[in-house]
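Below is one structure, written out as structure tokens, with a few remarks after it.
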Amino acid sequence: MYTEKVIEEFTNPKNVGELADADAVGEAGNPTCGDIMKIYLKVESDRIVDARFQTFGCAAAIASSSMATRMILGMTIAEAWNLSNADVVDALGGLPEPKVHCSLLARDAIRAAIDDFRTRGGLEPLERGSDCCCSGEGGCDSCPGND
Amino acid sequence: MNDQVERTLYMDHAATTFMKPEVVAAMAPYLSEHFGNPSSLYRYSGESRSGVETARGQVATAVGANREEIFFTSGGTEADNWAIKGVAFANRERGNHIVTSAIEHHAVLHTCEWLEKQGFSVTYLPVDEFGRVDPVAVEAAITDETILVSVMTANNEIGTVQPVAEIGRAAHDHGVLFHTDAVQAIGAMPIDVDAMNIDLLSLSGHKFYGPKGTGALYIRQGTRVETLIHGGGQEHRRRAGTENVPGIVGLGRAIELATADIEGHNRRIAAMRDRLIRGILGSIPDCRLNGHPTERLPNNANFSFRYVEGESILLLLDGRGICASTGSACSSGSSEPSHVLLATGLSHEEAHGSLRLTLGDANTEDDVDYVLEVLPEVIGRLRRISPLTPARTRMPEAE
């Protein structure tokens, strides 16, 4: 059901781990949904110079995490904020329909990290939208109004 | 870690089984020369008719029933649907209440949920941490309105064997019919419908080395059951449709083989299962066995591994040639993990991290060794990626 690219990215993920001296840390998902991603960023003059991740989740979640960290390397903070999950899915050569929501995990974790970066720099966090695993359809514990 | 597929090792026999050569051989003539319709009058159809009737006798013998009490269906799902809807609609004037358990197969659960929309009421009994239904709770749930108790013989996910005879007795003590979904139990434990107080029993051919698309429902003589499939007069006018003759013949031969030496068969399979369980619990930290420690199917081993997700486990195992199964939501595209694992009290995280290995007749001790070699690597690898893994459990990369 997965493309070869997804299987390859999942089997040999890049940028796994933590960054002890990270300038920003973001987390998305929850164990109830079955996926959690934690991302660590190193930022120099508004550009992402290093990114690492840790993910608990299915193959789509791990592959999206790996691909997304590869894509944001070298991006400005604004560019990374605007990375959509569709961009990640395209880079993976597509995901099966029921798995597309798993790629939101990476986008949400990146945005959480960027907000952490802004907060550390004394800026207001940006409006991130829903943080849940089912894209706000009311299917999971972290859906708005579904606690 | 080498991702090359070195071999294909099938350990998902609760999902389905291969067909035994003897079964294929028994079916072959009915796929070619004996193509006659069993309902036709000419002598040419006699072979088809007798093939079906031989199989009926084989199924009856396997469960301790009379051949007139065996009705062929398209599989376990149809048998469950027929048993439950059939009893519900035929006994509606006697009551509208059904008692079942929280860990039934969806063929039972979704049928009961549909009946609730038709005005029936259903009690879904909880299970203990091992997945057992308490016969005392069954008795307590029975009211004047109860017409049916349906509890599976053994669970397909965690392998827990239910106290079926006691549950059947509780139902009978109150004049209530008892149905059991024995789809996973046939060939794995002796079944006797009289000794176990069973009025209706569902079974499925492809779970015991028979063909897919075949099944049967045992209906105790005199039990009131409405017909589900209307049409021609087949199966004593109770289940219409031209018989799947080759399939039925294969089902008959398969059940005969599966029940010929249950004890000897179980001894071999259970020894492998126990080695698998001991080996995995001994080599992988933060892992638990799901289901009952002793009252479980001889071929079932089900684990939860903390900090990792089941679909990821399956795919890495698949990369090493191992076919297994999980109760994680991510493998099915649904948002909820296995209802069975949650009913035993597991957290969502533990249910997402479950792995089911079910042994079969082609598995060998070598297969067990291979799983014991590969699985700790796979779990270790995913745990190195997971943010939930505590430092003490994060195993170093193998050389």
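Going down the list, the sequences are from chains A and B. Position 126 of the first sequence, counting from 1, maps to 126 under this note's numbering, and the rest follow consecutively. Position 348 of the second sequence, counting from 1, maps to 1348 under this note's numbering, and the rest follow consecutively. Where a beta carbon is used, it is the ideal one built from N, C-alpha and C, also for glycine.
Q: Can you have a look at glutamate 137/A and say buried or exposed, based on whether 16 or more other CB atoms are within 10 angstroms of its CB?
A: With a pLDDT of 45 at glutamate 137/A, under the threshold of 50, the predicted position of this residue should be treated as unreliable, though the coordinate-derived value follows. So glutamate 137/A counts as exposed.
Q. When the Cα atoms are used, what is the spatial distance from glutamate 127/A to leucine 1317/B?
A. 40 Å
Q.
At the level of alpha carbons, what is the spacing between arginine 1220/B and alanine 1170/B?
A. 17 Å
Q.
Three or more C-beta pairs under 8 Å: does that hold for the segment 1350-1360 of chain B against the segment 1248-1265 of chain B?
A. At 8 Å Cβ cutoff, the stretches do not touch.
Q | For histidine 1292/B, the three-state DSSP class (helix, strand or coil) | A | coil
Q: Spell out whether any CB of chain B is found under 7 Å from the CB atom of valine 43/A.
A: Put simply, the CB of valine 43/A is far from chain B, with every gap to its CB atoms at 7 Å or more.
Q: For histidine 1013/B, collect the residues of the same chain with a Cβ closer than 7 Å to its Cβ; drop the 5 residues on either side in sequence, then sort them by chain order.
A: Around histidine 1013/B: Asn1299, Thr1358, Leu1359, Gly1360.
Q. With DSSP run on the structure shown, which of helix, strand or coil describes phenylalanine 1018/B?
A. Phenylalanine 1018/B: coil per DSSP, three-state reduction.
Q: Measure the Cβ-Cβ separation of phenylalanine 1072/B and isoleucine 1277/B and say whether it is below 7 Å.
A: no
Q: Could you have a look at proline 1387/B and say whether DSSP puts it in helix, strand or coil?
A: For proline 1387/B, the secondary structure class from DSSP, reduced to helix, strand or coil, is coil.
Q) Taking only beta-carbon atoms, is valine 6/A less than 7 Å away from chain B? A) no
Q: For glutamate 27/A, I'd like the list of residues in its chain whose CB is within less than 8 Å of its CB, leaving aside the five on either flank, ordered along the chain.
A: Only residues of its own chain outside the window of five on either side were considered, and among them Ile36, Met37, Lys38, Ile39, Ala109, Ala112 have a CB closer than 8 Å to the CB of glutamate 27/A, listed in chain order.
**Q.** Backbone secondary structure at tyrosine 1124/B - three-state DSSP
**A.** strand
Q. Taking Cβ to Cβ, would you say threonine 1077/B is nearer than 7 Å to alanine 1055/B?
A. no
Q. What residues in the segment 54-77 of chain A have a beta carbon less than 7 Å from any beta carbon of chain B?
A. Gln54, Thr55, Phe56, Gly57, Cys58, Ala59, Ile62
Q: May I ask you to report which of helix, strand or coil DSSP gives cysteine 58/A?
A: coil
Q) Checking contacts by CB at 7 Å: is leucine 1125/B closer than that to chain A? A) no
Q. With a Cβ-Cβ cutoff of 7 Å, do alanine 51/A and cysteine 102/A count as a contact?
A. no
**Q.** 7 Å Cβ cut-off: residues of chain B touching phenylalanine 10/A
**A.** Leu1315
Q: Specify, as a first and last residue, the run of the beta strand (DSSP E) that threonine 1259/B falls within.
A: Careful: threonine 1259/B lies outside any beta strand (DSSP E) and carries neither H nor E.
Q | N- and C-terminal bounds of the beta strand (DSSP E) containing threonine 1180/B | A | Taken as a continuous stretch (DSSP letters only), the beta strand (DSSP E) holding threonine 1180/B covers 1177-1181.
Q) In the structure shown, what three-state DSSP assignment does serine 1074/B receive? A) The answer is coil: DSSP assigns serine 1074/B none of H, G, I, E or B.
**Q.** CA nearest to the CA of aspartate 1181/B, picked from Glu1104/B, Val1308/B, Glu1022/B
**A.** Glu1104/B
Q.
Below 7 Å on C-beta distance, what does isoleucine 36/A contact in chain B?
A. Pro1387, Leu1388
Q. Is phenylalanine 10/A helix, strand or coil by DSSP?
A. helix
Q: For arginine 120/A, I'd like the list of residues in its chain whose CB is within less than 8 Å of its CB, leaving aside the five on either flank, ordered along the chain.
A: Cβ neighbours of arginine 120/A beyond the five flanking positions: Asp23, Ala24.
Q | Straight-line gap, threonine 32/A to glycine 1345/B (C-alpha atoms, nearest Å) | A | 14 Å
(Q) Taking the alpha carbon of leucine 1217/B as the reference point, which residue from Tyr1209/B, Glu1235/B, Arg1043/B has its own alpha carbon closest? (A) Glu1235/B
Q | Inter-residue Cα distance where the pair is valine 1133/B and proline 1293/B | A | When rounded, the distance between both Cα atoms is 15 Å.
Q: May I have a chain-ordered list of the beta strand (DSSP E) segments no shorter than 3 residues that lie completely inside the segment 1336-1396 of chain B?
A: 1354-1358
Q) Would you say threonine 1227/B touches the ligand MN, meaning its beta carbon is less than 6 Å from a heavy atom? A) As far as ligands go, the structure on display features none, and thus does not contain the ligand MN.
Q.
Please tell me whether alanine 1254/B and glycine 1222/B are closer than 7 Å, where the distance is taken between their beta carbons.
A. no
Q.
Run through chain A and tell me which residues come within less than 9 Å of glycine 1319/B, C-beta to C-beta.
A. Ile7, Thr11
Q: Can you have a look at valine 88/A and say buried or exposed, based on whether 16 or more other CB atoms are within 10 angstroms of its CB?
A: Per the 10 Å Cβ criterion, buried.
Q. Any residues in the segment 1290-1309 of chain B with a beta carbon nearer than 8 Å to a beta carbon of chain A? Which ones, in chain order?
A. Tyr1307, Val1308, Glu1309
Q) From this set, Pro1126/B, Ala1391/B, Ala1154/B, Pro1285/B, which residue's C-alpha is nearest alanine 1141/B's C-alpha? A) Pro1126/B
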